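Below is one structure, written out as structure tokens; comments come after it.
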Amino acid sequence: MTCFSLGGASGAAALLRLSAVSTAIAALSSTAWAQTPGDTRALPPVTVSASGLELGENDMVTPSSVLEGEDLVLRRGANLGDTLEGEPGVRATHFGAGASRPIIRGMDGPRVKVLGDGAEIQDASTISPDHAVVSEPLLTRQIEVLRGPSALLYGGGAVGGVVNVLDRRVPTRRPDNGFEGSVELQGRSGAREAAGAFDLTTALGDHLVLHLEGSRREAHDYRVGRHWSGGTRVPGSDNATENFGAGLSWVGPRGYLGLAYSLQSSRYGLPGHSHAFEGCHPHGSHLHCPEGDAHGHDHDHGDEQEAHEEDHEHEDHDHAEGDDHDHEHEHEHGTPWVKLRSERVDLRGELLDPLPGFARARLRAAITRYRHHEIEGQEISTTFRNRAHDARLELEHLPIAGWRGVLGVQTSQRRFSALGEEAYVAPTRTNRTALFALEERRFGDVRVEASLRHEWQRIDVDSLTQRDASHRGTSFSLGAQWRFAPGWSLGGSFTRSQRLPTAEELYADGLHLATRTYEVGNDRLRKETSRNIDVTLARTAGDTTFSVSGFHNRVKNYIYADTLDAYEGLQLIEYAQRDATFTGLEGSVKQKLGEHLSVTVFGDHVRGRLDNASGLASRNLPRIPAQRLGVRLNASYQGWSGWVEAYRMASQRRIAAYETWTPGYTMLNLGLAYSTRIDRLDTQFYLRADNLTDRLAFAHTSFIKDAAPLRGRTVTVGMRVSF
Numbered sequence: 008m009t010c011f012s013l014g015g016a017s018g019a020a021a022l023l024r025l026s027a028v029s030t031a032i033a034a035l036s037s038t039a040w041a042q043t044p045g046d047t048r049a050l051p052p053v054t055v056s057a058s059g060l061e062l063g064e065n066d067m068v069t070p071s072s073v074l075e076g077e078d079l080v081l082r083r084g085a086n087l088g089d090t091l092e093g094e095p096g097v098r099a100t101h102f103g104a105g106a107s108r109p110i111i112r113g114m115d116g117p118r119v120k121v122l123g124d125g126a127e128i129q130d131a132s133t134i135s136p137d138h139a140v141v142s143e144p145l146l147t148r149q150i151e152v153l154r155g156p157s158a159l160l161y162g163g164g165a166v167g168g169v170v171n172v173l174d175r176r177v178p179t180r181r182p183d184n185g186f187e188g189s190v191e192l193q194g195r196s197g198a199r200e201a202a203g204a205f206d207l208t209t210a211l212g213d214h215l216v217l218h219l220e221g222s223r224r225e226a227h228d229y230r231v232g233r234h235w236s237g238g239t240r241v242p243g244s245d246n247a248t249e250n251f252g253a254g255l256s257w258v259g260p261r262g263y264l265g266l267a268y269s270l271q272s273s274r275y276g277l278p279g280h281s282h283a284f285e286g287c288h289p290h291g292s293h294l295h296c297p298e299g300d301a302h303g304h305d306h307d308h309g310d311e312q313e314a315h316e317e318d319h320e321h322e323d324h325d326h327a328e329g330d331d332h333d334h335e336h337e338h339e340h341g342t343p344w345v346k347l348r349s350e351r352v353d354l355r356g357e358l359l360d361p362l363p364g365f366a367r368a369r370l371r372a373a374i375t376r377y378r379h380h381e382i383e384g385q386e387i388s389t390t391f392r393n394r395a396h397d398a399r400l401e402l403e404h405l406p407i408a409g410w411r412g413v414l415g416v417q418t419s420q421r422r423f424s425a426l427g428e429e430a431y432v433a434p435t436r437t438n439r440t441a442l443f444a445l446e447e448r449r450f451g452d453v454r455v456e457a458s459l460r461h462e463w464q465r466i467d468v469d470s471l472t473q474r475d476a477s478h479r480g481t482s483f484s485l486g487a488q489w490r491f492a493p494g495w496s497l498g499g500s501f502t503r504s505q506r507l508p509t510a511e512e513l514y515a516d517g518l519h520l521a522t523r524t525y526e527v528g529n530d531r532l533r534k535e536t537s538r539n540i541d542v543t544l545a546r547t548a549g550d551t552t553f554s555v556s557g558f559h560n561r562v563k564n565y566i567y568a569d570t571l572d573a574y575e576g577l578q579l580i581e582y583a584q585r586d587a588t589f590t591g592l593e594g595s596v597k598q599k600l601g602e603h604l605s606v607t608v609f610g611d612h613v614r615g616r617l618d619n620a621s622g623l624a625s626r627n628l629p630r631i632p633a634q635r636l637g638v639r640l641n642a643s644y645q646g647w648s649g650w651v652e653a654y655r656m657a658s659q660r661r662i663a664a665y666e667t668w669t670p671g672y673t674m675l676n677l678g679l680a681y682s683t684r685i686d687r688l689d690t691q692f693y694l695r696a697d698n699l700t701d702r703l704a705f706a707h708t709s710f711i712k713d714a715a716p717l718r719g720r721t722v723t724v725g726m727r728v729s730f
């Protein structure tokens, strides 16, 4: 096992700050961790939900969904984005097999917060879609998805939503029989993929609890659907990932305090990477490349788009004809790949009755050391580093005039640097501090919820030509849920949320070959302000259940990548601001057909466009997902359960300038599971088959959709044993 490095004096100072916070919580009660005669209280099973108040899914004002148990086992993909893509309103960035991040309501990157048990996962995935999310689905016990910007406890910038990944790394209770755990093995066709994972939690005496976990996943280039002009497999879509974690907690009758270490090492390819654009640079608003002046190549966009659409009217496999040259070029020079390493130390704690007037105190803190090399051949071309620490303390107060809620403070520091050929962002240090509050009260059948967050940000840039930046923003949300009849509810919320610019949006300046862009930042960007209205109608009891949500989000000073020019697939983008509007609908309806059978209809739609965009080639925002509509048949009998689903992804013709439209497709998938006991061990066998018709399909949300189509027919088989 590799030792964890604190990164010198600054890392030591960060650890001291985290230790000080934990000491302060422990000092709230000198007997907090000791057994008290007659005190039999215990914390409920810990689920640090993104709701902040331990609410159930049906009590949420914000549209939400939870993946756990058998549903999670059958839905898990090789990464977080693939795992969640079946949820209404959620898609994935699809950058080969190694990197795929969730997109919620057409928004991605920093507008979607990815949390690990309530604390932000500090990797580099918000910077670019070719950077992997440091999370392993095989080691996950539950995933929560909150749509929309109202989860202000975790950041005003989460305009799209929040994904909270819950793990077992820090034990929160003593196992009933002294120990518990699981072992899982999995194989997947199409990429000759094999994966395995284990976790073990054991008591060390009356109060100490130890947890160990690990996983390994290895896959070759995956196979695509029939008739792709690029071949049968995507070059550079291989993936090999290892995870190890260990946690130790002190568990008492009034709470727990635990420390955990985790390490992820990964190697994955970068499909679609091209060297043809090396040496390209901007002259004003135009691209110039060594092969010649790019000016004028793509300016007649309307004629080019008409020709492109005409080519697609015949067969979907013609969609990638223009990429033959790129595939041959990459085969000749070898596909670049990423070598990733992330080390993290987590401190988590929870205490009941910490102070008079307060019901609970909750602590989350972490130190992260992230690094990945982008390697071409045997040479490191670019190195990305992210050294971060963050801490948040929450206090849940007892009801005051009928209102109960959470007060909290959060602080973080992120030091990011990129060195090498594609170091398109200068080194930066980002400091953030936030205060937040969430309150709720019930008035008969109506539950009212209000939240407020104010945050400060300062970014120091290591550059002689760019200036440091500081911003602050205030966000608030007000919502209510009315249970107007048994099993029925109507919920709505209004949120005014402010997102502060990121370092990459402010200071980018260079060629980024993975996404085929030359990025230019703007250090004069201002904060975004979004005003979002959400309405949800749900029925949670009876033979017919459903949840349908509609939203309208107007964003003032929306920050987006404005494409100024393009040359043979390379785009010159500049981060700019303009008002934008997002409108959409998502939901599902489930009908019981008997004791063992039910059918579900699900779908989602989002429309994203720029306001007051006269003079632009297109008002449409890039990579907005197409609408989706599907049906799923679920069945269960004794130890058997399963489903078969079919959904239609519409073509996306509402495209941005220099973007090509994406044809639609129909997918047919199924899942089957059998649960039993073997030698007193709970055992589950499962099978999942995706894209049964072997359809060639492209993801409009992907930067490299033509170079990396979706997987072809894929069969996953696995076995999980719990003890």
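Here the sequence shown stands for residues 8 to 730, numbered as in the working numbering.
Where is the CB? At the ideal position from N, CA and C, for every residue including glycine.
As the structure is a prediction and not an experimental result, all values here were calculated from the model.
Taken atom to atom, the span from the alpha-carbon of Asn86 to that of Leu640 is near 25 angstroms. As computed with DSSP, Asp467 is found in a beta bridge with Arg436.
Per the C-alpha coordinates, the member of Arg626, Ala398, Gly549 and Gly232 positioned closest to Ala492 is Gly549. The closest CA to that of Leu74, considering only Pro136, Glu151, Leu159 and Arg655, is found on Glu151. Val345 places its beta carbon less than 8 angstroms from that of Tyr275.
Pairing Val258 with Gly356, the inter-Cα distance amounts to about 10 angstroms. Per DSSP, Gly88 lies in no beta strand (DSSP E) segment; the continuous alpha helix (DSSP H) that holds it begins and ends at Leu87 to Leu91. In this structure, the beta-carbon distance from Leu192 to Gly678 does not fall below 8 angstroms.
Close CB contacts of Ile466 within its chain, under the 6 angstroms cut and outside five residues either way in sequence, are with Thr435, Thr437, Ala476 and Ala510 (chain order). Taking 8 angstroms as the cut-off, the beta carbon of Gln659 is found closer than this to the beta carbon of Ala633. Relative to Gly610, the option among Gln598, Met656 and Leu617 whose CA is nearest is Met656.
Within the same chain, Thr690 come within 7 angstroms of Arg684 by CB-CB distance, once the 5 residues on both sides are set aside. When the five nearest sequence neighbours on each side are left out, the beta carbons in the same chain lying within less than 8 angstroms of the beta carbon of Thr673 are those of Ala653, Tyr654, Arg655, Met656, Thr700 and Arg702, in order along the chain.
Note: Asp516 is bridge-paired with Val527 in the DSSP secondary-structure output.
Take Glu526, set aside five residues on each side of it, and the residues of its chain with a beta-carbon closer than 6 angstroms to its own are Tyr431, Ala515, His519 and Ile580, in chain order.
Contact between Phe501 and Arg112 is ruled out by a C-beta separation of about 16 angstroms, above the 8 angstroms threshold. Where Arg82 is concerned, the enclosing alpha helix (DSSP H) starts and stops at Gly76 to Arg82. In this structure the stretch 106-126 lies against the stretch 170-183, because at least three pairs of beta carbons, one per stretch, are closer than 8 angstroms. A direct Cα-Cα distance of roughly 14 angstroms separates Tyr377 from Leu426.
In this structure, the CA atom of Asn698 is about 43 angstroms from the CA atom of Gln420. Cβ contact annotation for Gln505 (same chain, cutoff 7 angstroms, sequence separation greater than five): Gly163, Gly480, Thr481, Ser482, Lys534, Glu535 and Thr536, in chain order. Note: Glu225 is bridge-paired with Ala201 and Ala247 in the DSSP secondary-structure output. About 36 angstroms separates the beta carbons of Asp469 and Gly155, which is beyond the 8 angstroms limit, so they are not a contact pair.
Sequence-distant partners of Leu207 (beyond 5 residues in either direction) whose C-beta falls short of 6 angstroms from its own C-beta, in its chain, are Gly188 and Leu219. Note on geometry: alpha-carbon atoms of Met114 and Gly591 lie some 12 angstroms from one another.
In this structure, the CA atom of Arg348 is about 14 angstroms from the CA atom of Tyr268. As the crow flies, the alpha-carbon of Ser556 is around 14 angstroms from that of Ser157. If you ignore the 5 residues before and after Arg546, its C-beta comes within less than 7 angstroms of the C-beta of Gly494, Trp495, Thr552 and Phe553, all in its own chain and listed in chain order. Judged by DSSP in its simplified three-state form, Pro144 adopts helix.
For the pair Pro242 and Pro670, the Cα-to-Cα distance works out to about 22 angstroms. Apart from sequence neighbours up to five positions away, the residues of its chain that approach Ser107 with a beta-carbon distance below 6 angstroms are Asn86, Gly88, Asp89, Ala99, Thr100 and His101, ordered along the chain. Annotation for Gly265: the continuous beta strand (DSSP E) segment containing it runs Gly262 to Gly276. For Ser605, the closest C-alpha among the options Tyr644, Tyr161 and Asn184 is that of Tyr644.
In the structure shown, Tyr681 adopts extended strand secondary structure according to DSSP, grouped into three states. The DSSP-derived three-state label of Glu357 is strand. Scanning Pro297, Leu354 and Pro260 for the CA closest to the CA of Pro361 turns up Pro260.
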